[in-house]
Amino acid sequence: MLRNELLAAVRTTLVTLIGVGLAYPLVTTAVAGAIFPQQAAGSMVSDDYGNVVGSGLIAQPFAKAGYLQPRPSAAGEKGYDAAGSSGSNLGPTSKALRDRAAKDLQRLIQENPNAEGPVPAELVSASASGLDPHLSPAAALWQVPRIARARGVEESRVRTIIESNIEGRDLLVFGEPRVNVLLVNRALDRHFGRPPLATR
(Lines of atoms letter the chains of each structure in order from A and count residues from 1; the text may use other names and numbers.)
(Lines give C-alpha, C1' and ligand atoms only; values in the text may rest on other atoms or scores of the structure.)
Protein backbone atom coordinates (compact mmCIF):
# COMPACT_ATOMS: atom_id res chain seq x y z
CA MET A 1 0.00 0.00 0.00
CA LEU A 2 2.72 2.46 1.01
CA ARG A 3 4.79 1.38 -1.97
CA ASN A 4 1.91 2.13 -4.37
CA GLU A 5 1.42 5.59 -2.87
CA LEU A 6 5.16 6.27 -3.11
CA LEU A 7 5.24 5.18 -6.77
CA ALA A 8 2.22 7.36 -7.53
CA ALA A 9 3.92 10.35 -5.90
CA VAL A 10 7.16 9.73 -7.84
CA ARG A 11 5.22 9.37 -11.12
CA THR A 12 3.29 12.58 -10.45
CA THR A 13 6.52 14.42 -9.64
CA LEU A 14 8.26 13.17 -12.80
CA VAL A 15 5.28 13.99 -15.04
CA THR A 16 5.05 17.48 -13.50
CA LEU A 17 8.79 18.10 -13.85
CA ILE A 18 8.87 16.95 -17.47
CA GLY A 19 5.64 18.73 -18.38
CA VAL A 20 6.19 22.03 -16.59
CA GLY A 21 9.98 22.11 -16.55
CA LEU A 22 10.73 20.83 -20.05
CA ALA A 23 7.78 20.40 -22.42
CA TYR A 24 5.94 23.65 -21.63
CA PRO A 25 9.02 25.93 -21.96
CA LEU A 26 10.07 24.20 -25.21
CA VAL A 27 6.60 24.51 -26.75
CA THR A 28 6.25 28.13 -25.61
CA THR A 29 9.67 29.02 -27.01
CA ALA A 30 8.94 27.29 -30.33
CA VAL A 31 5.55 28.98 -30.71
CA ALA A 32 6.94 32.40 -29.76
CA GLY A 33 9.82 31.95 -32.22
CA ALA A 34 7.43 31.02 -35.01
CA ILE A 35 4.90 33.80 -34.39
CA PHE A 36 7.19 36.59 -33.13
CA PRO A 37 10.70 35.75 -34.37
CA GLN A 38 12.24 39.19 -33.78
CA GLN A 39 10.79 39.61 -30.30
CA ALA A 40 11.73 36.05 -29.31
CA ALA A 41 15.32 36.82 -30.31
CA GLY A 42 15.46 39.89 -28.06
CA SER A 43 14.23 42.59 -30.48
CA MET A 44 17.76 43.15 -31.75
CA VAL A 45 18.41 46.24 -33.89
CA SER A 46 21.02 46.06 -36.67
CA ASP A 47 22.83 48.71 -38.67
CA ASP A 48 22.86 48.86 -42.47
CA TYR A 49 25.65 46.24 -42.55
CA GLY A 50 23.80 43.70 -40.42
CA ASN A 51 25.81 44.37 -37.26
CA VAL A 52 23.73 44.30 -34.08
CA VAL A 53 23.85 47.73 -32.43
CA GLY A 54 21.51 47.04 -29.52
CA SER A 55 18.10 45.85 -28.45
CA GLY A 56 14.92 47.82 -28.84
CA LEU A 57 14.02 46.69 -25.31
CA ILE A 58 17.08 47.96 -23.42
CA ALA A 59 18.26 51.56 -23.14
CA GLN A 60 21.84 52.47 -23.89
CA PRO A 61 23.69 55.76 -23.45
CA PHE A 62 23.80 58.29 -26.28
CA ALA A 63 25.83 61.25 -25.06
CA LYS A 64 26.60 62.95 -28.38
CA ALA A 65 24.66 66.11 -29.19
CA GLY A 66 23.43 64.75 -32.52
CA TYR A 67 21.52 61.91 -30.90
CA LEU A 68 18.28 61.62 -28.99
CA GLN A 69 19.32 61.03 -25.39
CA PRO A 70 17.49 58.57 -23.10
CA ARG A 71 16.40 58.86 -19.51
CA PRO A 72 19.17 58.69 -16.91
CA SER A 73 19.94 55.20 -15.62
CA ALA A 74 20.73 53.90 -12.15
CA ALA A 75 21.36 50.36 -13.43
CA GLY A 76 24.88 49.34 -12.47
CA GLU A 77 27.81 51.48 -11.42
CA LYS A 78 27.91 53.63 -14.57
CA GLY A 79 24.27 53.19 -15.61
CA TYR A 80 22.69 51.31 -18.53
CA ASP A 81 24.06 47.97 -17.26
CA ALA A 82 21.51 45.26 -18.08
CA ALA A 83 23.14 42.90 -15.57
CA GLY A 84 22.54 45.45 -12.82
CA SER A 85 19.00 46.43 -13.79
CA SER A 86 17.33 48.27 -10.94
CA GLY A 87 16.29 51.67 -9.76
CA SER A 88 18.43 53.76 -7.45
CA ASN A 89 16.17 52.99 -4.45
CA LEU A 90 16.61 56.62 -3.41
CA GLY A 91 13.50 58.03 -1.74
CA PRO A 92 11.85 61.36 -2.60
CA THR A 93 13.48 63.01 0.43
CA SER A 94 16.96 61.72 -0.47
CA LYS A 95 19.61 64.44 -0.79
CA ALA A 96 21.59 62.21 -3.18
CA LEU A 97 18.56 61.97 -5.48
CA ARG A 98 17.95 65.73 -5.36
CA ASP A 99 21.63 66.43 -6.06
CA ARG A 100 21.71 64.02 -8.99
CA ALA A 101 18.51 65.45 -10.47
CA ALA A 102 19.80 69.01 -10.06
CA LYS A 103 23.07 68.08 -11.76
CA ASP A 104 21.22 66.41 -14.65
CA LEU A 105 18.86 69.38 -14.93
CA GLN A 106 21.76 71.85 -15.14
CA ARG A 107 23.50 69.73 -17.78
CA LEU A 108 20.34 69.47 -19.89
CA ILE A 109 19.76 73.24 -19.74
CA GLN A 110 23.36 73.89 -20.83
CA GLU A 111 23.26 71.32 -23.64
CA ASN A 112 19.83 72.41 -24.90
CA PRO A 113 19.87 76.23 -24.82
CA ASN A 114 17.32 76.55 -27.63
CA ALA A 115 14.83 73.98 -26.34
CA GLU A 116 11.29 75.25 -25.82
CA GLY A 117 9.61 74.94 -22.46
CA PRO A 118 10.82 73.40 -19.21
CA VAL A 119 12.94 70.26 -19.12
CA PRO A 120 10.62 67.21 -19.17
CA ALA A 121 10.70 65.47 -15.78
CA GLU A 122 11.53 62.06 -17.27
CA LEU A 123 14.87 63.40 -18.57
CA VAL A 124 16.04 63.90 -14.98
CA SER A 125 14.39 60.81 -13.43
CA ALA A 126 15.50 57.22 -13.96
CA SER A 127 12.94 54.50 -14.62
CA ALA A 128 12.37 51.66 -12.16
CA SER A 129 14.51 49.27 -14.21
CA GLY A 130 17.07 51.89 -15.22
CA LEU A 131 16.82 50.50 -18.76
CA ASP A 132 13.64 52.05 -20.19
CA PRO A 133 14.31 52.36 -23.95
CA HIS A 134 11.46 54.83 -24.49
CA LEU A 135 10.73 58.51 -24.03
CA SER A 136 7.44 60.32 -24.26
CA PRO A 137 6.98 62.19 -27.55
CA ALA A 138 7.20 65.47 -25.60
CA ALA A 139 10.60 64.56 -24.10
CA ALA A 140 11.90 63.48 -27.51
CA LEU A 141 10.65 66.60 -29.32
CA TRP A 142 12.13 68.82 -26.60
CA GLN A 143 15.60 67.69 -27.80
CA VAL A 144 15.01 68.60 -31.48
CA PRO A 145 16.89 71.96 -31.53
CA ARG A 146 20.09 70.41 -30.13
CA ILE A 147 19.98 67.43 -32.50
CA ALA A 148 19.28 69.61 -35.56
CA ARG A 149 22.08 72.04 -34.69
CA ALA A 150 24.61 69.25 -34.12
CA ARG A 151 23.72 67.60 -37.43
CA GLY A 152 23.42 70.84 -39.41
CA VAL A 153 19.86 70.14 -40.59
CA GLU A 154 16.52 71.89 -40.23
CA GLU A 155 14.58 71.24 -37.04
CA SER A 156 11.51 70.27 -39.05
CA ARG A 157 13.37 67.32 -40.57
CA VAL A 158 14.41 65.98 -37.17
CA ARG A 159 10.89 66.55 -35.83
CA THR A 160 9.43 64.58 -38.75
CA ILE A 161 11.69 61.60 -37.99
CA ILE A 162 10.73 61.60 -34.32
CA GLU A 163 7.02 61.94 -35.09
CA SER A 164 7.17 59.09 -37.60
CA ASN A 165 8.64 56.86 -34.86
CA ILE A 166 5.93 57.49 -32.26
CA GLU A 167 4.48 54.18 -31.10
CA GLY A 168 0.84 54.24 -30.00
CA ARG A 169 -0.78 52.58 -27.02
CA ASP A 170 -0.63 48.78 -26.94
CA LEU A 171 -3.96 47.37 -28.16
CA LEU A 172 -5.12 51.02 -28.32
CA VAL A 173 -5.63 51.22 -24.54
CA PHE A 174 -2.52 50.12 -22.61
CA GLY A 175 0.36 52.45 -21.83
CA GLU A 176 1.11 55.82 -23.38
CA PRO A 177 2.42 56.93 -26.77
CA ARG A 178 6.21 56.62 -26.76
CA VAL A 179 9.37 56.90 -28.82
CA ASN A 180 12.12 54.27 -28.88
CA VAL A 181 15.41 56.15 -28.50
CA LEU A 182 17.57 53.58 -30.32
CA LEU A 183 15.21 53.34 -33.30
CA VAL A 184 15.05 57.14 -33.65
CA ASN A 185 18.84 57.39 -33.52
CA ARG A 186 19.16 54.70 -36.19
CA ALA A 187 16.69 56.65 -38.33
CA LEU A 188 18.68 59.87 -37.80
CA ASP A 189 21.87 58.14 -38.95
CA ARG A 190 20.12 56.66 -41.99
CA HIS A 191 18.77 60.04 -43.07
CA PHE A 192 21.69 62.32 -42.21
CA GLY A 193 24.71 60.07 -41.62
CA ARG A 194 26.49 59.88 -38.31
CA PRO A 195 27.19 63.20 -36.62
CA PRO A 196 30.83 64.35 -36.49
CA LEU A 197 32.98 62.25 -34.14
CA ALA A 198 29.86 60.34 -33.12
CA THR A 199 30.08 57.14 -31.18
CA ARG A 200 27.14 54.95 -30.28
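The opening position of the sequence shown corresponds to residue 1069 in my numbering, with each subsequent residue numbered one higher.
For every residue, glycine included, the Cβ atom is placed at its ideal position computed from N, Cα and C.
Please classify R1214: is it buried, with 16 or more other beta-carbons within 10 angstroms of its beta-carbon, or exposed? By the Cβ-count criterion, R1214 is buried, with 16 or more other Cβ atoms from all chains shown falling within 10 Å of its own Cβ.
DSSP three-state assignment for F1260, whether helix, strand or coil: Here F1260 carries a helix assignment [DSSP, helix/strand/coil].
Tell me the start and end of each unbroken beta strand (DSSP E) in the segment 1177 to 1253 that is at least 3 residues and wholly inside, in chain order. Listed in chain order, the complete beta strand (DSSP E) runs (minimum 3 residues) inside the segment 1177 to 1253 are 1246 to 1248.
Look at the alpha carbon of L1256 and the alpha carbon of A1100, and state the distance between them as a whole number of angstroms. Between L1256 and A1100, the alpha-carbon positions lie close to 31 Å from each other.
Measure the CB-CB distance between G1152 and A1143 and report whether it falls below 7 Å. It is a contact, given that the beta carbons lie within the stated cut-off.
Is the beta carbon of G1122 closer than 7 Å to that of L1239? The beta carbons of L1239 and G1122 sit no closer together than 7 Å.
What is the DSSP secondary structure of G1089, counted as helix, strand or coil? Correct three-state label for G1089: helix.
Can you grab the Cα-Cα spacing for the pair I1234 / P1186, in whole Å? Going by C-alpha positions, I1234 is about 21 Å away from P1186.
So what's G1124 in DSSP terms, helix, strand or just coil? DSSP, read as helix, strand or coil, puts G1124 in coil.
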